[in-house]
Amino acid sequence: MASRDKPPAHVLLAAIPSLKLAPGQPVEWHNIPEFNLLARNITVPGISPLYPDVHCTYDGSICQIITGQAEINAASTMSSLLNSPRFDLTSTYFLLAGIAGISPKHATVGGVTFARYAVQSGLQHEIDAREMPTHFTSGYFAQGTTGPGQYPEWIVGTEVFEVNDALRQVAVDLAKTANLTDTDACKRLRATYTSPIYAAGAAAPAVVARCDTLTSDTFWTGSLLAEAFENATLLLTNQDGVYCSTQQEDNAVLNALLRAALSGLVDFSRIIVMRAGSDFDRPPEGGSAAENLFALAVGFPPALLNLRIAGVKIVQGIVDGWAGTFKRGIEPTNDIGDIFGSLREKRDSTSRLSQAFFGRRVGRG
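Written out as structure tokens, the structure is:
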């Protein structure tokens, strides 16, 4: 991957830095016994000035790029990489790996999750909750509509992406062979989530097979916002998505990959979206949203560690199984791509995203 006289990379790890990761600080994927990502360091014009190098093993089979935080940084970095003449990414698997806020309805701090859908929350109207109409359930509602619960009339194409569900399950199976770590501080935090609806949040960290993710540059918290984004996820995925984690980059990275796929530079069916829970997206029942936001993020250290522990199993599984399985690819069992169905030669009704988008436009003139 790193030069044209080398074979293309089997795996490219798109690592997303956290708020607490200082520029230049070694990250959790470096200096590990399984593989050496610092054997080759390739400076790529246009990627994050804080993280200007792509790191690779000596043979180029495994590489890592650090995107920079938030949507604009992530999109700019990935676009620069994907269009660099120094890399052949046509058969590469992309593992998107970062920490996330987590819904206690579906997962917990320290747990490792895998998404089928990534939903962008920012493309909405917003009225301050103190000024919204009394019949509104939220100040957030879809663009071009007159209130919550209505499908958006204005679509730009990045609202939701769907990745290869068969590959997601393969990644889950590989990740489940890992032994995740935990801390006493996380156990104490989980113990405060006593409501039965938060049973997953109170449980020990595990690999969660289905945990769809929400992309938002705003670092939000609270039960009311969480409920609004749960509903938005259902709406945009034709009632199929399960909001579970919240982060700041995935739709941006996926859009860059989609554009590259349309140009034949990558294979969009070779993308895995992995997030580890570093904090809860809402307080326990009776708790304060502000306290939840400002509290010490005790889930941060185990989330970073478990992201690597589980991720290494996936990377090794792909590399070790390259000749027998992964070189030819994992055939998708679902429609993949964006809300427009851009990757399909002919848009049809088999895609839930296409049903949600095109079905609501029949008869509108």
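What the sequence shown shows, in the working numbering, is residues 75 to 439, in sequence order. C-beta atoms are modelled at their ideal positions from N, C-alpha and C, and glycine is treated no differently. The model shown is predicted, which means the values in this text are computed figures rather than measured ones.
Check: Euclidean distance between Cα positions of residue 111 and residue 178; Outcome: 34 angstroms
Check: CB contact flag (residue 167, residue 84, <8 angstroms); Outcome: yes
Check: Of the residues 129, 108, 128 and 194, the one placed nearest residue 315, counting alpha carbons only; Outcome: 194
Check: First and last residue of the uninterrupted beta strand (DSSP E) at residue 349; Outcome: 345-354
Check: C-alpha gap between residue 299 and residue 212, whole angstroms; Outcome: 8 angstroms
Check: Residue 339 Cβ short of 7 angstroms to the ligand ZN heavy atom set; Outcome: The ligand ZN is not among the ligands present in this structure, which contains no ligands whatsoever.
Check: Other residues of its chain near residue 114: CB distance less than 8 angstroms, five sequence neighbours each side excluded; Outcome: 76, 129, 130, 131, 132 and 134
Check: is_contact[residue 151, chain D] using C-beta, thresh 8 angstroms; Outcome: This model lacks chain D altogether; it includes just one protein chain.
Check: Assigned secondary structure, residue 390 (DSSP; H/G/I helix, E/B strand, else coil); Outcome: helix
Check: According to DSSP, residues forming a beta bridge with residue 272; Outcome: Answer by DSSP bridge pairing: none, since residue 272 is not bridged.
Check: DSSP-derived helix/strand/coil call for residue 210; Outcome: coil
Check: Helix, strand or coil at residue 366 according to DSSP, with G and I counted as helix; Outcome: helix
Check: Integer Cβ distance of residue 183 from residue 263, believed to fall under 8 angstroms; Outcome: 6 angstroms
Check: Assumed close pair residue 175, residue 354 - CB separation to whole angstroms, cut-off 8 angstroms; Outcome: 7 angstroms
Check: Segment contact, 8 angstroms Cβ cut-off, at least three pairs: the segment 328-342 with the segment 226-235; Outcome: yes
Check: Residue(s) in a DSSP beta bridge with residue 174; Outcome: 351
Check: contact_flag[the segment 274-287, the segment 251-266] where n(CB pairs < 8 angstroms) is 3 or more; Outcome: yes
Check: Nearest to residue 197 (by Cα), restricted to the options 210, 185 and 227; Outcome: 227
Check: Whole-angstrom C-beta distance between residue 139 and residue 88, which should lie under 8 angstroms; Outcome: 6 angstroms
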